[in-house]
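Down below is the structure, laid out as structure tokens.
Numbering (UniProt numbering), first residue to last: 1 to 215.
Below you can see the structure in the form of structure tokens.
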């Protein structure tokens with residue numbers, strides 16, 4: 001598992017701002033910081049992908065340059081992932097994109113969380129490098145269920161899971177229940193889940209903070 005804030009960088013400031021209750025009062029800044037974190041994590045993921053050399057011509061001479069060889073598909077889990085995934089779209093500007101509607105079903109405190117899927121739209125995923133983007137890896141159930149549904153549309157060559165903040169419980173659930181090889185990338189690994197299955201210290205509800213409270 002790669003954790004971005006294990007080393008000091010500007011990412012630490014962006015993380016602090018999306019967590020801070022005062023900064024959260026500015027939804028535009030919240031979305032911008034999620035987008036920036038997406039860009040930084042996308043850059044780290046790009047270091048592990050395959051590149052090929054091609055000849056280019058500058059105004060002065062011909063030269064050899066490296067170009068991304070992998071066919072990348074970025075999958076966003078609606079709606080909270082949209083600002084975070086925009087950062088991936090900025091860097092992987094020739095990627096294809098897909099969307100999954102996944103949400104927790106209503107439940108009482110301390111009752112098991114169940115996930116409902118209501119939307120799936122992706123390109124063919126066969127032999128593609130798939131990056132599934134969700135800002136919060138809490139219980140891990142939505143990521144696992146979403147990825148299982150993706151296999152209806154093909155078998156990826158490689159799979160990456162990218163999140164802003166992860167809980168240890170979610171990391172363990174994915175490890176125990178996702179029956180395919182994957183790489184997990186997170187900007188931060190937090191302490192735990194609380195009794196309502198929110199990440200602590202976390203940041204609250206990423207979707208509501210980015211887009212307004214839903215009914």
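Ideal placement from N, C-alpha and C gives every residue a C-beta, glycine not left out.
Cβ pair residue i, residue j closer than 8 Å
i	j	result
residue 31	residue 14	no
residue 214	residue 207	yes
residue 162	residue 138	no
residue 136	residue 115	no
residue 113	residue 141	yes
residue 158	residue 117	no
Cβ-based neighbour list, residue i, same chain, cut-off 8 Å, excluding 5 preceding and 5 following
i	result
residue 156	73, 125, 126, 127, 128, 129, 130, 150
residue 5	11, 12, 15, 187, 188
residue 50	68, 69, 70
residue 185	1, 2, 4, 41, 44, 45, 160, 161, 162, 163
Closest residue to residue i among the options (Cα-Cα distance)
i	options	result
residue 65	52, 192, 77	52
residue 88	159, 23, 132	132
residue 80	190, 104, 144, 173	104
residue 175	98, 39, 144, 63	144
Residue-chain proximity (residue i, chain D), Cβ-Cβ < 8 Å
i	result
residue 139	The chain inventory of the structure shown lacks chain D, comprising one protein chain alone.
Cβ shell of residue i (< 6 Å), same chain only, five flanking positions each side left out
i	result
residue 71	128
For residue i, the three-state DSSP class (helix, strand or coil)
i	result
residue 101	strand
residue 181	coil
residue 153	helix
residue 79	coil
residue 129	strand
residue 11	helix
residue 174	helix
Bridge partners - residue i, DSSP secondary structure assignment
i	result
residue 116	103
residue 3	186
residue 163	186
residue 144	DSSP output for residue 144 lists no bridge partner at all.
Chain-order list of residues whose beta-carbon lies under 7 Å from that of residue i (same chain, five-residue window excluded)
i	result
residue 85	38, 74, 76, 133
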